[in-house]
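Peer 1: First, the structure itself, so that you have it in front of you.
Protein chains in written order, with the working numbering: chain D, 1 to 465; chain Z, 1001 to 1465.
Okay, here's the thing in structure tokens:
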């Protein structure tokens, strides 16, 4: 629908104003400037509507459904795959005015929030009640519960607590036609019919608009141990993961693998991070355990690491002795953007079986080297989750982008890998969805889309065209 | 479809024989006698077909779809809600010949099996590779991977490892029309489009036939501590759960609550179990922790329990010192059927928020007492999961059954409880689905059924009519 046709419809704005009031609308440049927050994205809409409750969301979608009016739902705008891009003629549905944390149930270990509540606020509210909401990611102070659900957010503690999908007990969502689907389950177990919330988790706003959720809380742990190890071989890294997971009795919460040149680059003087261990090793590991007993958990970790040193799985290792040391270790992992100094970056978020990882990284490193020279391909990631992040500093013009995407994505199809481990598909990866999904899978996705949003008004064109 | 019309179609049998061969078919009494294995169920089919691979399943369903021929899929026949009942005119699709464990990937922590593989064999295969498949339930030697997926099986370790849904990485399923949907993901993270496997988990064979799965393995733990505690109040039991979970650093794997009369009954001479702790307390708890360090884990558990005793949360407690003592504690929980000696049993599997549990049990206990006298209502269950099992010994004639179902299920609607925590709906609970799900939820379930199985051939009448 063109901008002209949206304007000519005339009463859409009036009908929306009747639902949310004049203060619930934004227009023109005030809408378009939201695009500035997006990663590689654009907002070209002329109209943004801010409902103040589920009933208003229902009325808005009912209206848009009847008119065939496309709607792009906005959360915290921290997505990385152009999932919140909004074209001319589409309206933006922002959940910013629906950000209440409605209830914390300590005995029942759950927290109820509206979809617009920021992740960081949810975390702090849980902490004030002596509990933990374990999902965590860098964008916590902007990202919202609704966005975390729509993208099935991952982050640093998936090994221990799972992705957002595992942390959602119940959902309230509004379907394309305005139907309110209230499935605010609070129990870990509920097998009464199909588990409908699964439809809305990770479907990037294309099957419904999540308005509220019941989230799972977990107990606070009493110890936190963070280590950095240099590791001689890939196989040693795999065995170290197994020994830590088993030896720490399931308390391992993070296991981040860093290929050597990423560590080396991020510990240069320019990057501003110290090198707690000598540079030049083939691999480095950052691992973190969350346990119940500060004294004995430390002793046990030292014992497991002692065995690993003796078995030659680890060259050298350091355990953080303070929060400052802990932050210094994590900074080596998190300062991704330092690499930006070499050339504009292309970033990737893939997953693949661990058994294929070593060869895969070798192949793409060789191809990037042939394309752009030494030290242009940096690899690190959540190894236990099968999730690697790849940063390529070779320019970001269209031709380079296409060539590098081909290098990174093409080998995944044969080994059952995924072009998106945790970021989603959005617009950015849409062309590559068929490299990770079969025609039958994509046809079944379309079948669901057709069943739940027959007029295609919800986040049109995202995930698949 | 009547038996007559099935026979008159004539070539169905021949067409099926052309797919699976004569040895792949069973007929008449040989089919109907399978009903003997079912809990409260019946098999009245005249024809059973045993495919030997996914391609044969696809051909069978393609044929049945084109004829509108209803199909009931059979796994290990250990379901508890008449989900495998098969009427005259329906054919049975048994996955008994598809029971291979195809691959164990230790580094990647996954195991690939055909749907007909028994849970117990999967567990043993994982153990032989030094890993653990953590789903566990009493029927492990009959129940199959496919059945566990279709019912989203739960069991004793959900608190630590989640239900079957959390343990399935990938699925291969055949849709009603014979389309093979291969989503054999092996990574913890894969956000490339909709997560289609969720459709088939817990939908009781009504949306597709699961043929293979990639299952998640976890590291073996090195310590196992089992305790029995008597507890003075319900609130103390809730606080004990929080302290154990937090104090044991997330190693708590089971927390079973036993209302006092269940413990008392199952420790009578007739029941054959010793009473490790004095009878007559209001509540008992059986808890189990799986950790990494036998010596220190025991010391830590004793320290947390010491604090709980001091705080008055626990009257008395015993920790198992041997595998025999461990089994003796669990037997008190597991010997459900001893109660059968009082009267024929009705058994229930409900879930509800912990904050409503005490009052709920009081109400239904009072109503059962009014109906049938003292000590006819026994309650125990996976408290941390919100899941209670209720056993009522008041007869099982139709009138009593209807009255007791009303007593147990009616209060759930107002408190957001579920008529099925882990067993599913099948035929048995179908009439009560609307007590746990809204009209919008059930309409959305029907929408999915219509989209994926437009002729309604898959396990017809199960979950909803």
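Backbone N, C-alpha and C define an ideal beta-carbon position, used for all residues, glycine too.
If you're wondering where the values come from, they're calculated on a predicted model, not measured in any experiment.
#1: Throw me the rounded Cβ distance for the residue 253 of chain D and residue 157 of chain D pair, which I believe falls under 8 Å.
#2: Beta-carbon of residue 103 of chain D versus every beta-carbon of chain Z: anything under 8 Å?
#3: How long is the line joining the alpha carbons of residue 1243 of chain Z and residue 1298 of chain Z, rounded to whole angstroms?
#4: Helix or strand or just coil, what does DSSP make of residue 155 of chain D?
#5: Say yes only if the C-beta of residue 1177 of chain Z is nearer than 7 Å to one or more non-hydrogen atoms of the ligand ZN, and no if none qualify.
#6: Which same chain residues end up closer than 8 Å to residue 1002 of chain Z when comparing Cβ atoms and leaving out the 5 residues on each side of it in sequence?
#7: Look at residue 1092 of chain Z and residue 1048 of chain Z and say whether their C-beta atoms are less than 8 Å apart.
#8: Taking beta-carbon pairs under 9 Å, can you tell me which members of the segment 1084-1096 of chain Z lie near chain D?
#9: Have a look at residue 275 of chain D and residue 267 of chain D and give me their C-alpha separation to the nearest angstrom.
#10: Taking 8 Å as the CB-CB limit, is residue 453 of chain D close to chain Z?
#11: From Z:1177, Z:1059, Z:1080, pick the residue whose C-alpha is nearest to that of residue 1154 of chain Z; which is it?
#12: CA-CA distance, residue 1078 of chain Z and residue 1028 of chain Z?
#13: Answer yes or no: do residue 1100 of chain Z and residue 1086 of chain Z have a C-beta to C-beta separation smaller than 8 Å?
#14: For the beta strand (DSSP E) holding residue 94 of chain D, just list the boundary residues, first then last.
#15: If you run the structure through DSSP and keep just helix, strand and coil, what is residue 1001 of chain Z?
#16: Whole angstroms is fine: what's the gap from residue 1460 of chain Z's alpha carbon to residue 1058 of chain Z's?
#17: Consult DSSP for residue 1284 of chain Z and reduce its assignment to one of helix, strand or coil.
#18: Given that residue 1354 of chain Z touches chain D, what residues does it touch there, using C-beta distances under 7 Å?
#19: May I ask you to report which of helix, strand or coil DSSP gives residue 1024 of chain Z?
#20: Using only alpha-carbon positions, find the residue among D:264, D:211, D:216 that is nearest to residue 52 of chain D.
#21: Starting from the Cα of residue 1412 of chain Z, find the closest Cα among Z:1360, Z:1132, Z:1245 and give me that residue.
#22: Express the C-alpha separation of residue 60 of chain D and residue 73 of chain D in angstroms, rounding to a whole number.
#23: Mind the definition here: the segment 222-240 of chain D touches the segment 299-314 of chain D only if three or more C-beta pairs lie below 8 Å; say whether that holds.
#24: When the distance is taken between beta carbons, is residue 436 of chain D closer than 8 Å to residue 419 of chain D?
#25: In the DSSP assignment, the beta strand (DSSP E) including residue 1225 of chain Z goes from what residue to what residue?
#26: By the 10 Å Cβ neighbour count, where 16 or more other Cβ atoms means buried, how is residue 381 of chain D classified, buried or exposed?
#27: Within the same chain, show all residues whose beta-carbon is closer than 6 Å to that of residue 1142 of chain Z, passing over the 5 residues directly before and after it, in chain order.
#28: State the start and end residues of the unbroken beta strand (DSSP E) segment that holds residue 400 of chain D.
#29: Between which residues of its own chain and residue 1032 of chain Z is the CB-CB distance below 6 Å, once the five residues before and five after are set aside?
#30: Can you name the residues that DSSP bridges to residue 136 of chain D?
#31: Output, in chain order, the set of chain D residues within a Cβ distance shorter than 7 Å of residue 1410 of chain Z.
#32: Any chance you could list the alpha helix (DSSP H) runs of at least 4 consecutive residues sitting entirely within the segment 75-121 of chain D, in chain order?
#33: Any C-beta of chain Z within less than 9 Å: which residues of the segment 415-429 of chain D qualify?
#34: Would you mind working out which of Z:1383, Z:1384, Z:1388 sits nearest residue 1364 of chain Z, comparing C-alpha positions?
#35: In angstroms, rounded to a whole number, what distance separates the CA positions of residue 399 of chain D and residue 406 of chain D?
#36: Does any residue of chain D bring its CB to less than 8 Å from the CB of residue 1198 of chain Z?
Peer 2: Well, looking at it:
#1: Position 253 of the first chain holds residue 253 of chain D. Position 157 of the first chain holds residue 157 of chain D. Sure, about 5 Å apart at Cβ, within 8 Å.
#2: Translated into the one-based positions of the first chain, residue 103 of chain D becomes position 103. Not one chain Z Cβ lies under 8 Å of residue 103 of chain D.
#3: Position 243 of the second chain, counted from the start, is the residue given in the question as residue 1243 of chain Z. Position 298 of the second chain, counted from the start, is the residue given in the question as residue 1298 of chain Z. Per the coordinates, the alpha-carbon of residue 1243 of chain Z lies some 15 Å from the alpha-carbon of residue 1298 of chain Z.
#4: Locating residue 155 of chain D in the first chain gives position 155, counting from the first residue. If DSSP states are grouped into helix, strand and coil, residue 155 of chain D belongs with the strands.
#5: Judged by which ligands are present, the structure shown has none, so any question about the ligand ZN falls away.
#6: Locating residue 1002 of chain Z in the second chain gives position 2, counting from the first residue. Only weak support is given to the placement of residue 1002 of chain Z: the predicted model assigns it a pLDDT of 40, under 50, and the value that follows is read from those uncertain coordinates. Hits under 8 Å: 1088, 1089.
#7: Translated into positions along the second chain, residue 1092 of chain Z becomes position 92. Translated into positions along the second chain, residue 1048 of chain Z becomes position 48. Result yes, Cβ atoms of residue 1092 of chain Z and residue 1048 of chain Z sit closer than 8 Å.
#8: Answer set for the segment 1084-1096 of chain Z: empty.
#9: Taking the first chain and counting its residues from 1, one reaches residue 275 of chain D at position 275. Taking the first chain and counting its residues from 1, one reaches residue 267 of chain D at position 267. So the alpha carbons of these two residues sit roughly 5 Å apart.
#10: As a first step, residue 453 of chain D is located in the first chain; it is residue number 453 there, counting from the start. So, not an interface residue.
#11: Reading the second chain from its first residue, position 154 is the one you call residue 1154 of chain Z. Ranking the options by Cα distance to residue 1154 of chain Z, first place goes to Z:1080.
#12: In the second chain, the residue the question calls residue 1078 of chain Z occupies position 78. In the second chain, the residue the question calls residue 1028 of chain Z occupies position 28. Cα to Cα, residue 1078 of chain Z sits roughly 22 Å from residue 1028 of chain Z.
#13: To locate residue 1100 of chain Z, count along the second chain from 1; it is residue 100. To locate residue 1086 of chain Z, count along the second chain from 1; it is residue 86. Not closer than 8 Å, so no.
#14: Against the first chain, residue 94 of chain D aligns to sequence position 94. In this chain, the beta strand (DSSP E) harbouring residue 94 of chain D covers 91-94.
#15: Along the second chain, one-based indexing puts residue 1001 of chain Z at 1. Here residue 1001 of chain Z scores only 39 on pLDDT, less than 50, and its place in the model should not be relied on; the value that follows carries that caveat. Coil at residue 1001 of chain Z, not helix or strand.
#16: Locating residue 1460 of chain Z in the second chain gives position 460, where the first residue counts as 1. Locating residue 1058 of chain Z in the second chain gives position 58, where the first residue counts as 1. So the alpha carbons of these two residues sit roughly 18 Å apart.
#17: Within the second chain, residue 1284 of chain Z is the residue found at index 284, counting from 1. Look at residue 1284 of chain Z here: in three-state DSSP terms it is strand.
#18: What you label residue 1354 of chain Z is simply residue 354 of the second chain in a count that begins at 1. Near residue 1354 of chain Z (Cβ distances below 7 Å), the residues of chain D are 107, 108.
#19: The count along the second chain starts at 1 and reaches residue 1024 of chain Z at position 24. The answer is helix: DSSP assigns residue 1024 of chain Z an H, G or I state.
#20: For the purposes of this step, residue 52 of chain D is identified with residue 52 of the first chain, where counting begins at 1. It is D:211.
#21: Taking the second chain and counting its residues from 1, the one referred to as residue 1412 of chain Z is at position 412. For the set Z:1360, Z:1132, Z:1245, the Cα lying nearest the Cα of residue 1412 of chain Z is the one of Z:1360.
#22: By 1-based counting over the first chain, the position of residue 73 of chain D is 73. By 1-based counting over the first chain, the position of residue 60 of chain D is 60. Here the C-alpha atom of residue 73 of chain D lies approximately 12 Å from the C-alpha atom of residue 60 of chain D.
#23: Short answer: they touch.
#24: As a first step, residue 419 of chain D must be located in the first chain, where it is residue number 419. As a first step, residue 436 of chain D must be located in the first chain, where it is residue number 436. Yes; because the gap between Cβ atoms is below 8 Å, this pair is in contact.
#25: Position 225 of the second chain, counted from the start, is the residue given in the question as residue 1225 of chain Z. Segment 1223-1231, the beta strand (DSSP E) holding residue 1225 of chain Z.
#26: In the first chain, the residue the question calls residue 381 of chain D occupies position 381. Counting Cβ neighbours within 10 Å, residue 381 of chain D comes out buried, since at least 16 surround it.
#27: In the second chain, counting from the first residue as 1, residue 1142 of chain Z sits at position 142. Cβ contact annotation for residue 1142 of chain Z (same chain, cutoff 6 Å, sequence separation greater than five): 1076, 1078, in chain order.
#28: For the purposes of this step, residue 400 of chain D is identified with residue 400 of the first chain, where counting begins at 1. Where residue 400 of chain D is concerned, there is no enclosing beta strand (DSSP E), although the alpha helix (DSSP H) it sits in stretches over 398-414.
#29: Looking up residue 1032 of chain Z in the second chain gives position 32. So the qualifying residues of the chain are 1043.
#30: Counting from one through the first chain, the residue named residue 136 of chain D turns up at place 136. Beta-bridge pairing links residue 136 of chain D to D:155.
#31: In the second chain, the residue the question calls residue 1410 of chain Z occupies position 410. None at all; the shortest Cβ gap to chain D is about 15 Å.
#32: Taken in chain order, no unbroken stretch of alpha helix (DSSP H) lies wholly in the segment 75-121 of chain D with a span of 4 residues or more.
#33: Within the segment 415-429 of chain D, the qualifying residues are 416, 417, 418, 419, 420, 421, 422, 423, 424, 425, 429.
#34: Counting from 1 along the second chain, the entry for residue 1364 of chain Z is found at position 364. Here the closest residue by C-alpha is Z:1388.
#35: The residue given as residue 399 of chain D occupies position 399 in the first chain. The residue given as residue 406 of chain D occupies position 406 in the first chain. Straight-line Cα distance between these residues: approximately 11 Å.
#36: Taking the first residue of the second chain as 1, we reach residue 1198 of chain Z at position 198. At a cut-off of 8 Å between C-beta atoms, residue 1198 of chain Z counts as an interface residue with respect to chain D.
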